[in-house]
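Student: Quick one: the structure is below, and I'll ask about it shortly.
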Amino acid sequence: MKFSELNLNPTLQKVLQQQGFTEPTLIQEKSIPALQQGHDVAGQSLTGSGKTLAFGLPLLEKMKPGKGVQALVLTPTRELCIQIEKVLRDYAHPLGLKIASIYGGVSYNPQLDALQRCEIIIGTPGRILDHLHQRTANFSKVHFFVLDEGDKMFEMGFVEAVEEIAGYLPKERQTTLFSATISEGIMHLIRKYLRSPVMIKAQIHVDKSLLRQVYYDLEMHDKFSLLLHLLKNKTKGLALVFCATRNEVDIVATNLRKNGVHVQAVHGGLSQNRREKAVDSLRKQDIDVLVATDVAARGLDIKNVSNVYNYDVPKTPEEYTHRIGRTARAGEEGDAVTLLTNRDHDNFGRILRDRSLRIERADVPQFEKVAFNRHREEDSEDGYRGGRRGSGGSSRGGFHRGGRGGERSSGSGERRSFGRSSGEGRSSSRSSGSRFGGRSNSSAPRSRSMTR
Numbered sequence: 004m005k006f007s008e009l010n011l012n013p014t015l016q017k018v019l020q021q022q023g024f025t026e027p028t029l030i031q032e033k034s035i036p037a038l039q040q041g042h043d044v045a046g047q048s049l050t051g052s053g054k055t056l057a058f059g060l061p062l063l064e065k066m067k068p069g070k071g072v073q074a075l076v077l078t079p080t081r082e083l084c085i086q087i088e089k090v091l092r093d094y095a096h097p098l099g100l101k102i103a104s105i106y107g108g109v110s111y112n113p114q115l116d117a118l119q120r121c122e123i124i125i126g127t128p129g130r131i132l133d134h135l136h137q138r139t140a141n142f143s144k145v146h147f148f149v150l151d152e153g154d155k156m157f158e159m160g161f162v163e164a165v166e167e168i169a170g171y172l173p174k175e176r177q178t179t180l181f182s183a184t185i186s187e188g189i190m191h192l193i194r195k196y197l198r199s200p201v202m203i204k205a206q207i208h209v210d211k212s213l214l215r216q217v218y219y220d221l222e223m224h225d226k227f228s229l230l231l232h233l234l235k236n237k238t239k240g241l242a243l244v245f246c247a248t249r250n251e252v253d254i255v256a257t258n259l260r261k262n263g264v265h266v267q268a269v270h271g272g273l274s275q276n277r278r279e280k281a282v283d284s285l286r287k288q289d290i291d292v293l294v295a296t297d298v299a300a301r302g303l304d305i306k307n308v309s310n311v312y313n314y315d316v317p318k319t320p321e322e323y324t325h326r327i328g329r330t331a332r333a334g335e336e337g338d339a340v341t342l343l344t345n346r347d348h349d350n351f352g353r354i355l356r357d358r359s360l361r362i363e364r365a366d367v368p369q370f371e372k373v374a375f376n377r378h379r380e381e382d383s384e385d386g387y388r389g390g391r392r393g394s395g396g397s398s399r400g401g402f403h404r405g406g407r408g409g410e411r412s413s414g415s416g417e418r419r420s421f422g423r424s425s426g427e428g429r430s431s432s433r434s435s436g437s438r439f440g441g442r443s444n445s446s447a448p449r450s451r452s453m454t455r
């Protein structure tokens, strides 16, 4: 299907052509007609599937310039709020429409002005409620309501805030909800706020023939050293490292930076200034590694990810699938690597029970053991070392091969086995490491120079 077949506003069609978009993604193809016809829509779709335009284009068609706030889009994070506003801005401007991004961590005054002049608000629940309580926002004319990343709204405890905000909206409205997963909690929201919704499921395409999924079973005290080894020797492009908590993101990023890695950390606890620095470094490709929580990563448009590392094991198969969906896109190869320790066996066992996932055990290679300091580095706003080349607390122009002095580990020792092994004799056009447990692999090692 072509965008020209979707009967969109000619102005929007022109912008799509200017940006080189000719064919809609699956979620766009299914959602746009339903929303144009006035239906409520509940869509299951992962990050990167094109859902912003899936709801954004029909939303923009229904707006009237100068008639007050007519659309509200709620997102769980500031990053996602900024990203959606950035995507829709180019389409809204030719239609004479204004968009306001409303989120915490910044001054109220610019937002107060924007609220009076816009037709579309994209915001986070907390700051939106602040404005409603202070009567600085008027939603009496809102007829298009979007809940984006519904599962993360639920997980982050925003359900009560969302329900309170919904109480300020007219009952006669069109409501859309998008979520990576549809849990019972999300179904509760759908049943409560959507009227006879069109249910759409459109997962982003990850070419599993190009995606290598492995796990390493090792001791907790070896986990960081192995991560560093893999980043230095087995990573060919941008690496995305997932951690479970904000604190762990900071600690891992700090230790990587001390070992010469060009790294940025992103999580919900950072100030807006530091978040924007991280996004800017990512956009300019000034970094090789991004360490993030699941929530923060969802708010970033991250392209060309070659390696996903689960430093902390996700709790569900759905979250695992969401993480690995960041790589092996657009015909490119990708690696999804999970670092497994004793405390992760229960969670990982649940993931392995999903028969759609083919995760093989890899033999732990020999690697240099390095010190891992659990002290968080407190960076100043102006002196934040974001890991740009030539800075970031390291005079090296890339990863420092060989690491710091210390004993070498072969990762040997009996560990609990989870199914398949990717050890000796595995046929692959890509490398799974030069030496795993003293045995040669069938493919040559992949390595790269981190100095571009």
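Every number in the working numbering is 3 more than the matching position in the sequence shown, counting from 1.
All C-beta atoms, glycine included, are put in the ideal place defined by N, C-alpha and C.
For a test of the three-state rule: what should DSSP assign to methionine 4, helix, strand or coil?
Tutor: Here methionine 4 sits in coil by DSSP.
Student: Give the secondary structure of lysine 204 by DSSP, where H, G and I count as helix, E and B as strand, and everything else as coil.
Tutor: Strand at lysine 204.
Student: Distance check for arginine 130 and tyrosine 387, CA to CA, integer angstroms please.
Tutor: For tyrosine 387, the predicted structure reports a pLDDT of 35, less than 50, and the residue's modelled location is therefore unreliable. A value from the coordinates is still provided. Between tyrosine 387 and arginine 130, the C-alpha separation is close to 26 Å.
Student: Can you name the start and end residues of the beta strand (DSSP E) that alanine 74 belongs to?
Tutor: Where alanine 74 is concerned, the enclosing beta strand (DSSP E) stretches over 74-77.
Student: So threonine 248 is in the beta strand (DSSP E); what residue range does that whole segment cover?
Tutor: Threonine 248 -> no beta strand (DSSP E), and no H or E assigned at all.
Student: In angstroms with no decimal places, state the Cα-to-Cα distance between valine 529 and threonine 296.
Tutor: The requested residue 529 is not part of the displayed model; the chain covers only 4 to 455.
Student: Do valine 311 and aspartate 291 count as a contact pair if the criterion is CB distance below 9 Å?
Tutor: Against a cut-off of 9 Å, the Cβ pair of valine 311 and aspartate 291 comes out as no contact.
Student: Find the nearest neighbour of valine 90 within the set Leu56, Ile123, Gly71, Val264, judged by alpha-carbon distance.
Tutor: That would be Leu56, whose Cα lies nearest to the Cα of valine 90.
Student: Report the CB separation of leucine 213 from glutamate 336 in whole angstroms; it is logged as a contact under 8 Å.
Tutor: Between glutamate 336 and leucine 213 the Cβ distance is about 5 Å, and since that is below 8 Å, they are a contact.
Student: So what's leucine 273 in DSSP terms, helix, strand or just coil?
Tutor: Correct three-state label for leucine 273: coil.
Student: Buried or exposed: where does lysine 204 fall if 16 or more other Cβ atoms within 10 Å of its Cβ makes it buried?
Tutor: Exposed: under 16 other Cβ atoms inside 10 Å.
Student: Would you mind giving the Cβ-Cβ distance between leucine 3 and isoleucine 35, rounded to the nearest angstrom? I have them listed as a contact below 8 Å.
Tutor: As shown, the chain starts at 4 and ends at 455. That puts residue 3 outside it, with no answer to give.
Student: Do alanine 45 and valine 201 have their C-beta atoms closer together than 9 Å?
Tutor: Yes, the Cβ-Cβ distance between alanine 45 and valine 201 is below 9 Å.
Student: Alpha carbon to alpha carbon, how far is leucine 234 from arginine 407? Give it in angstroms, no decimals.
Tutor: Per-residue confidence for arginine 407 stands at a pLDDT of 41, beneath the threshold of 50, marking its modelled position as unreliable; the derived number appears in the next sentence. Looking at the two C-alpha atoms, the distance is approximately 15 Å.
Student: Between which two residues does the alpha helix (DSSP H) carrying aspartate 154 extend?
Tutor: Its alpha helix (DSSP H) spans residues 153-158.
Student: Buried or exposed: which applies to histidine 191, given that a residue is buried once 16 or more other Cβ atoms fall within 10 Å of its Cβ?
Tutor: With fewer than 16 other Cβ atoms within 10 Å, it is exposed.
Student: With a threshold of 8 Å, are at least 3 pairs of Cβ atoms found where one atom belongs to the region 147-166 and the other to the region 95-115?
Tutor: With the cut-off at 8 Å, the region 147-166 and the region 95-115 do not touch.
Student: So, under 8 Å CB-CB, leucine 197 and isoleucine 168 are touching, yes? Tell me the CB distance rounded to an integer number of Å.
Tutor: Not confirmed; about 15 Å, so no contact.
Student: What are the partner residues of arginine 330, as DSSP defines its beta bridges?
Tutor: Looking at the sequence provided, one finds threonine at residue 330 rather than arginine. According to DSSP, which records beta bridges pairwise, threonine 330 is partnered with Val308.
Student: Using only CA atoms, which one of Lys211, Gln177, Thr184, Met159 lies nearest to serine 199?
Tutor: Nearest option by C-alpha distance: Gln177.
Student: Can you tell me whether threonine 454 is buried or exposed? The criterion is at least 16 other CB atoms within 10 Å of its CB, across all chains shown.
Tutor: Annotation note: pLDDT 36 at threonine 454 (below 50); position unreliable, coordinate value reported separately. Exposed.
Student: Need the endpoints of the beta strand (DSSP E) that leucine 234 sits in, please.
Tutor: Element bounds for leucine 234: not the beta strand (DSSP E) but the alpha helix (DSSP H), 226-236.
Student: Under DSSP, the alpha helix (DSSP H) around leucine 98 begins and ends at which residues?
Tutor: Element bounds for leucine 98: n/a, residue is neither H nor E.
Student: Measuring alpha carbon to alpha carbon, tell me which residue in His378, Lys211, Gly352, Leu118 is nearest leucine 259.
Tutor: Per the Cα distances, His378.
Student: How many whole angstroms separate the CB atoms of lysine 70 and phenylalanine 147, which I take to be in contact at a CB cut-off of 8 Å?
Tutor: With 8 Å as the limit, lysine 70 and phenylalanine 147 do not qualify as a contact, their Cβ atoms being about 12 Å apart.
Student: With three or more beta-carbon pairs closer than 8 Å as the criterion, would you say the region 273-286 touches the region 76-95?
Tutor: As far as the Cβ criterion goes, the region 273-286 touches the region 76-95, which means the pair count is three or higher.
Student: Taking the alpha-carbon positions, what's the serine 7 to glutamate 363 distance?
Tutor: If you take the alpha carbons of serine 7 and glutamate 363, they lie about 44 Å apart.
Student: Over the uninterrupted beta strand (DSSP E) stretch that includes tyrosine 219, give me the two end residues.
Tutor: From DSSP, the beta strand (DSSP E) with tyrosine 219 extends over 214-220.
Student: According to the neighbour-count rule (16 or more other Cβ atoms, all chains shown, within 10 Å of its Cβ), is glutamate 122 buried or exposed?
Tutor: With 16 or more other Cβ atoms within 10 Å, it is buried.
Student: I need the boundaries of the alpha helix (DSSP H) containing alanine 117, first residue and last residue.
Tutor: 111-120 is the extent of the alpha helix (DSSP H) around alanine 117.
Student: Among Ser359, Gln20, Val149, Tyr314, whose alpha-carbon lies nearest the alpha-carbon of leucine 172?
Tutor: The option with the nearest alpha carbon to leucine 172 is Val149.
Student: Take the Cβ of alanine 103 as the centre, count every other Cβ of all protein chains shown within 10 Å, and call the residue buried at 16 or more, exposed below.
Tutor: Alanine 103 comes out buried.
Student: Return the bridge partner residues of glutamine 533 from the DSSP annotation.
Tutor: Here the chain comprises residues numbered 4 to 455, so residue 533 is not present and cannot be evaluated.
Student: Leaving out five residues on either side along the sequence, give the residues of the same chain with a beta carbon under 8 Å from the beta carbon of histidine 232.
Tutor: Closer than 8 Å at Cβ, skipping near neighbours: Pro368, Phe370, Glu371, Gly406.
Student: Taking the alpha helix (DSSP H) that glycine 59 falls in, what are its first and last residues?
Tutor: From DSSP, the alpha helix (DSSP H) with glycine 59 extends over 54-64.
Student: For a test of the three-state rule: what should DSSP assign to arginine 278, helix, strand or coil?
Tutor: In the structure shown, arginine 278 sits in a helix (DSSP, three-state: H, G or I).
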